[in-house]
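Below is one structure, written out as structure tokens; the observations come after it.
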Amino acid sequence: MADQPEDKGRIVVGVDGSEPSERALRWAVRQAELTGGAVVAVIAWEYPTYHGARGWFPPGITDEAALEGRARQEADRAVRQAVGEDPPVEVRTEARHGSPAGSLVEAARGADLLVVGSRGLGGFAGMLLGSVAQHCTRHATVPVVVVRDEET
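Residue 48 is where the sequence shown starts when you use my numbering, and the numbers rise one by one after that.
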């Protein structure tokens, strides 16, 4: 698949409302400032699972538009919290249905860079990547930056 003109300078970053994803978003925005790029903050959503209640969902929970809307609201909130109301570069949010790792790899096709946060467990465990970061580094077709906690 050829790069689209609008892909040039596009930095995709995974957001989920956690502190590691906010650090990754701030890093991506700084990188976009340096390169003249734009940031796409991607959040993934899936249908909730209920153990022991196979096939049963509370009323309204199967509404795809509502679930996607909630995910988009969380992504917008994460962007505001991490980089403020008026970021120095263009930051768009995107909500994708699917697993976080798969959604990020797909969203990053044709981008310049994929950025993810790392939970940074500390000690020996801190040397290991989380499952999303590991999947992205193994399967993305673009360079991947894993932003780690400053303390690990």
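Glycine included, every Cβ here is placed at the ideal spot set by N, Cα and C. Predicted, not measured: the structure shown is a model, and the values here were computed from it.
Own chain residues within Cβ distance below 8 Å of residue i, not counting five before or after
i	result
A158	D54, R57, I58, V59, V87, V189
R73	A129, V130
Residue i versus residue j - alpha carbon distance
i	j	result
S68	E121	12 Å
A112	V138	22 Å
V193	G145	21 Å
L176	S165	Confidence at L176 is low in this model, with a pLDDT of 49, below 50, so its placement is unreliable and no value can be given for it.
R143	E115	8 Å
G84	Q181	25 Å
Y94	A79	32 Å
Beta-carbon proximity of residue i to residue j, cut-off 7 Å
i	j	result
E141	V89	yes
A155	A118	no
G64	A125	yes
S150	A91	yes
Cβ neighbours of residue i in the same chain (closer than 7 Å, five flanking residues each side left out)
i	result
P134	V76
C183	A148, L151, V152, L161, V163, V191
Endpoints, alpha helix (DSSP H) assigned at residue i
i	result
G149	147 to 154
V126	111 to 130
Beta strand (DSSP E) segment containing residue i, residue limits
i	result
A187	Premise fails: A187 is in no beta strand (DSSP E) and is neither H nor E.
Nonlocal neighbours in the same chain, by C-beta distance under 6 Å from residue i, ignoring five residues either side
i	result
E66	none
R70	G164, V194
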